[in-house]
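In terms of our numbering, the sequence shown opens at residue 56 and continues consecutively.
Reviewing the structure listed below.
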Amino acid sequence: MNDYQRVILDLIRQLNGSKKLKQVTDILQGVKTSQNMVDLFLYRIQPFFGVFENKAFFDLKMTCDNLITDGYIILKSEDRLALSSLGLSTVSNFTLQANYQNVNGWRWHRRLPVFALSLQLATQMTANRYHEIAHYFPIVRDTTIQALCKRWWLGLEKDDEQVLAKNYHDELTSLLDSLTVSPEIVVDRLTGGQTIGLTAEQSANKHHLEKNTYDMQWLEALSQMMFLLERYPKSWPLLSQLLLDRPVAQLTESAQITYQLLLDGTSVADIQQQRRLKKSTIVDHYVQLIGLEIMPLDAFVNKANREYYEANKKMATSLKEARMNMPELSYDTLKLCLVSGR
């Protein structure tokens, strides 16, 4: 049993037998459906959202199928997943939040992979500048990341590029020394000068770790780095500029267009007509805006409905029950209220 499997079991435990396999994997892969957004706040499972966004559905399904076969997971009515007594005992001393305190898919979703690649390329760029290596193949081939790092470098104030490169190295050393996990998990993967970074598999083998457990430690290390850079940007001014702005970057592209229209003063009523999208799609954009705390609930739900929901929210243990117990509120209004966490 590795921590990758334990995270899956922990999520199923927190969902309390309410979700099917595809719904569980969608949450772990960070699929932004309206229902998932509501469930994140209803079950308080934000850290799990997108934590395995780089894992294929087939891999997650196969892992879950094996956990079912081995007796850790049982199927309830309508094929909803729950933990067996064996599964419960397996994670009796494990939770994602306790064992990996900084891993938070909801907070870092979409930003963490970009930061990881930017860190690798920026480290190579600065190390090569310091060692006066002018010609080399970039360790990251993604042209978006290359453009991002180029803008980052050109935007820095620098009288002496070698001094700036050394300052970057000093910042990186300081940040890595601040981690509660082994900094070698990160250092192994970095390229610069004559040093070629290891692959994830090579680093896992070096530390005698199962690959899935290594991946969890890699996530924890990067998440902790991002947390520290976001909270104390003045302590690491060069590295903190590698972070994408939060939280607009976490919106889907379509939701970003809707958000821009709202900023431009377009009314909620006019956006659906102007964008020629289904009402449910636009509401899903509002769910993202509220869930990410980009806009407040009162931008979309009037005071009377907010107060009615507040007075009756104890009956909203699920969206289905909320609809039954608060018939005065529309389905869309209930979704927005639930996501707001009010």
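We put the beta carbon where it would ideally sit given N, CA and C, even for glycine.
Requested in this report: State whether the region 289–308 contacts the region 209–229, with contact taken as three or more CB pairs (one from each stretch) at a distance under 8 Å.
Outcome: A contact exists between the region 289–308 and the region 209–229.
**Report entry** Residues near Gly252 by beta carbon distance below 6 Å, same chain, minus five either side
**Finding:** Along the sequence shown, read from residue 1 onward, the residue named residue 252 stands at position 197. Here the set comprises Arg244, Leu245, Thr246.
Query raised in the report: Name the DSSP bridge partner or partners of Thr250?
Result: Along the sequence shown, read from residue 1 onward, the residue named residue 250 stands at position 195. As DSSP reads the structure, Thr250 sits in a beta bridge with Gly247.
**Report entry** Inter-stretch contact (C-beta, 8 Å, three-pair minimum) for the region 184–195 and the region 303–314
**Finding:** The answer is no - the region 303–314 does not touch the region 184–195, with fewer than three Cβ pairs under 8 Å.
**Report entry** Per-residue DSSP class, three states only, for Lys390
**Finding:** Mapped onto the sequence shown, residue 390 falls at position 335. DSSP places Lys390 in the helix class (H, G or I) of the three-state scheme.
Query raised in the report: Grouping DSSP H, G and I as helix and E and B as strand, with all else coil, what is Ile337?
Result: Counted from its first residue, the sequence shown places residue 337 at position 282. In the structure shown, Ile337 sits in a helix (DSSP, three-state: H, G or I).
Query raised in the report: Ile128 bridges to which residues according to DSSP?
Result: The sequence position of residue 128 within the sequence shown is 73, counting from 1. Looking at the DSSP assignment, Ile128 forms a beta bridge with Leu138.
Query raised in the report: Do you know offhand how far Gln315's Cα is from Gly346's?
Result: One-based indexing of the sequence shown puts residue 315 at position 260. One-based indexing of the sequence shown puts residue 346 at position 291. It is roughly 17 Å from the alpha-carbon of Gln315 to the alpha-carbon of Gly346.
Query raised in the report: Which stretch, first to last residue, makes up the alpha helix (DSSP H) that contains Leu274?
Result: Here residue 274 refers to the residue found at position 219 of the sequence shown. Start and end: 266–286.
Query raised in the report: How long is the line joining the alpha carbons of Lys390 and Asp65, rounded to whole angstroms?
Result: Stepping through the sequence shown from its first residue, residue 390 is reached at position 335. Stepping through the sequence shown from its first residue, residue 65 is reached at position 10. Taking the straight line from one Cα to the other gives about 25 Å.
Query raised in the report: Is it true that the region 277–288 meets the region 194–207, where meeting means three or more beta-carbon pairs spaced less than 8 Å apart?
Result: The region 277–288 is not in contact with the region 194–207.
Report task. Assess, as a yes-or-no matter, whether the region 149–161 is touched by the region 104–113 under the definition of 3 or more beta carbon pairs within less than 8 Å. Result -> These segments touch.
Requested in this report: Round the Cβ separation of Gln84 and Phe113 to the nearest angstrom and send it over; I've been treating them as touching at under 8 Å.
Outcome: Here residue 84 corresponds to residue number 29 of the sequence shown, with the count starting at 1. Here residue 113 corresponds to residue number 58 of the sequence shown, with the count starting at 1. That belief does not hold up - the Cβ atoms of Gln84 and Phe113 are roughly 11 Å apart, past 8 Å.
Query raised in the report: Considering only the beta carbon of each residue, do Leu234 and Gln305 sit closer than 8 Å?
Result: The residue you call residue 234 lines up with position 179 of the sequence shown. The residue you call residue 305 lines up with position 250 of the sequence shown. Contact: no.
Query raised in the report: Where does Gly320 land, buried or exposed, given buried means 16+ other C-beta within 10 angstroms?
Result: In the sequence shown, counting from the first residue as 1, residue 320 sits at position 265. Per the 10 Å Cβ criterion, exposed.
Query raised in the report: Since Lys75 sits in a beta bridge, which residues does DSSP pair it with?
Result: Along the sequence shown, read from residue 1 onward, the residue named residue 75 stands at position 20. Arg135, per the DSSP bridge assignment.
**Report entry** Closest residue to Arg99 among Leu122, Asp120, Arg68 (Cα-Cα distance)
**Finding:** Sequence index remark: in the sequence shown, residue 99 carries index 44 (1-based). Between Arg99 and the set Leu122, Asp120, Arg68, the nearest pair of CA atoms involves Arg68.
Query raised in the report: Hey, Asn260 and Asp58: beta-carbon distance below 8 Å or not?
Result: Numbered from 1 along the sequence shown, position 205 holds the residue referred to as residue 260. Numbered from 1 along the sequence shown, position 3 holds the residue referred to as residue 58. The Cβ atoms of Asn260 and Asp58 lie no closer than 8 Å to each other.
Requested in this report: Report the option in Leu332, Arg165, Ala324 whose CA atom is closest to the CA atom of Ala354.
Outcome: Position 299 of the sequence shown, counted from the start, is the residue given in the question as residue 354. For the options Leu332, Arg165, Ala324, the alpha carbon positioned closest to that of Ala354 is the one of Ala324.
Query - contact_flag[the region 124–139, the region 68–77] where n(CB pairs < 8 Å) is 3 or more - result: As far as the Cβ criterion goes, the region 124–139 touches the region 68–77, which means the pair count is three or higher.
Query raised in the report: Taking Cβ to Cβ, would you say Leu297 is nearer than 8 Å to Leu174?
Result: Translated into the one-based positions of the sequence shown, residue 297 becomes position 242. Translated into the one-based positions of the sequence shown, residue 174 becomes position 119. In contact: Leu297 and Leu174 (Cβ atoms closer than 8 Å).
Report task. Measuring alpha carbon to alpha carbon, tell me which of Gln217, His263, Asn222 ends up nearest Glu239. Result -> The residue you call residue 239 lines up with position 184 of the sequence shown. Nearest in C-alpha terms to Glu239, of all of Gln217, His263, Asn222, is His263.
Report task. Would you give the residue range spanned by the alpha helix (DSSP H) that Met350 belongs to? Result -> Looking up residue 350 in the sequence shown gives position 295. Going by DSSP, Met350 is part of no alpha helix (DSSP H) at all; its letter is neither H nor E.
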